[in-house]
Structures are given as C-alpha cells and as structure tokens.
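Numbering (full-length UniProt numbering), first residue to last: 1 to 146.
Structure record follows, encoded as structure tokens.
Now the structure itself:
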C-alpha cells in the first residue's frame with residue numbers, strides 16, 4: 001500500500017444509470033457504502049460527485065473496471081475508463097482503476113447476509129455495496145493509476 005496516498009478514498013461502481021459510491025480511509029482499510037447516484041444525466045452525476053468530494057475531501061478516487069471472468073475487458077470497460085479520466089480531469093485527484101470482477105455477486109451476498117432480500121429491496125443499496133467491494137479490493141491491491 002506504499003504507492004497509495006494516505007487518507008480518505010472514494011470508490012465508484014460506474015453504471016450507465018446508477019453509480020454506487022463507497023468511502024474508506026487507507027490507514028484503516030475499512031470501506032463503507034456511502035451513496036447511489038441515480039441519474040443518467042452527466043451534469044447531475046458530476047454535481048453529486050462534487051458534493052461528495054467537498055464533504056469527504058478524498059486524497060484519491062477509485063473506479064471499478066468491469067472484466068469478464070477470463071480477465072478480458074467487458075463492454076463497459078471503455079465507459080468506466082472514460083469516467084475515470086473525467087474524474088481525474090475535473091477534480092485533479094489521483095484516480096485508480098481496479099478489476100471489479102464479482103463485486104456485484106459479493107454485494108448481493110453481503111446484503112443477503114444483512115437480511116436484505118434480492119430484488120427491489122436490494123436495488124437501492126446494491127451499487128454502493130459493490131463500490132464498497134471495489135474499495136476493499138483496492139485496499140488489498142491498488143490497481144492501476146489513470
């Protein structure tokens with residue numbers, strides 16, 4: 001973990017409709033689900049992200065990079081990379097890309113263990129818990145800087 005700056009990190013599970021957000025601190029290495037940004041409108045998404053950045057003052061941002069089980073990039077990979085580059089350009093913070101294989105499955109399992117059943121009850125929290133899994137993975141292995 002020596003390559004990553006100390007302090008707060010925000011992680012994003014990027015989707016075309018929703019973006020899950022998690023927060024954690026590199027010193028503790030414990031991620032927490034934070035929010036789900038639910039809009040396809042780019043300006044609204046970045047306004048919501050700007051508010052979270054102003055509130056949490058992160059030292060770095062982490063974006064999940066979708067991959068197929070065999071490690072080949074997913075159709076959403078290019079969109080996630082573009083999102084990561086836009087974050088870096090808009091906010092001037094270090095941005096990391098992390099393999100997000102199986103984070104949605106992990107998120108579903110965590111929510112089920114917490115008593116939140118699949119379907120409509122899981123939907124509002126699923127993306128932010130997936131972002132939590134992305135951040136947990138980054139704490140273990142930082143991934144690639146953008």
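We treat Cβ as the ideally placed atom computed from N, Cα and C, and that holds for glycine.
> Enumerated in chain order, which unbroken segments of the beta strand (DSSP E) with a length of 3 residues or greater are wholly contained in the UniProt domain "YqgF/RNase H-like" (7 to 107)?
Replying inline: Runs found: 8 to 13, 18 to 25, 30 to 38, 60 to 65 and 95 to 99.
> Given that a residue counts as buried once 16 or more other Cβ atoms are within 10 Å of its Cβ, and exposed if not, what is residue 78?
Replying inline: Numbered from 1 along the chain shown, position 78 holds the residue referred to as residue 78. By the 10 Å Cβ count, residue 78 comes out exposed.
> What number of angstroms, rounded off, separates the C-alpha of residue 94 from the C-alpha of residue 114?
Replying inline: Numbered from its first residue, the chain shown carries residue 94 at position 94. Numbered from its first residue, the chain shown carries residue 114 at position 114. Spanning the alpha carbons of residue 94 and residue 114 requires a straight line of approximately 33 Å.
> What first and last residue would you give for the alpha helix (DSSP H) that runs through residue 143?
Replying inline: Here residue 143 corresponds to residue number 143 of the chain shown, with the count starting at 1. Segment: none, residue 143 is in no alpha helix (DSSP H) and carries neither H nor E.
> Is residue 118 helix, strand or coil by DSSP?
Replying inline: One-based indexing of the chain shown puts residue 118 at position 118. Coil at residue 118, not helix or strand.
> For residue 5, does the three-state DSSP call read helix, strand or coil?
Replying inline: Working through the chain shown from its first residue, we reach residue 5 at position 5. Looking at residue 5 - three-state DSSP - the assignment turns out to be coil, as it is neither helix nor strand.
> Would you call residue 97 buried or exposed, if buried means 16 or more other Cβ atoms sit within 10 Å of its Cβ?
Replying inline: Here residue 97 is taken as the residue at index 97 of the chain shown, counted from 1. Residue 97 is buried by the Cβ-count criterion.
>> Taking the beta carbon of residue 135 as the centre, do at least 16 other beta carbons fall within 10 Å, making it buried, or is it exposed?
In response: Taking the chain shown and counting its residues from 1, the one referred to as residue 135 is at position 135. So residue 135 ends up on the buried side.
>> Using only the alpha-carbon positions, how far apart do residue 49 and residue 70 sit?
In response: What you label residue 49 is simply residue 49 of the chain shown in a count that begins at 1. What you label residue 70 is simply residue 70 of the chain shown in a count that begins at 1. C-alpha separation (whole angstroms): 32 Å.
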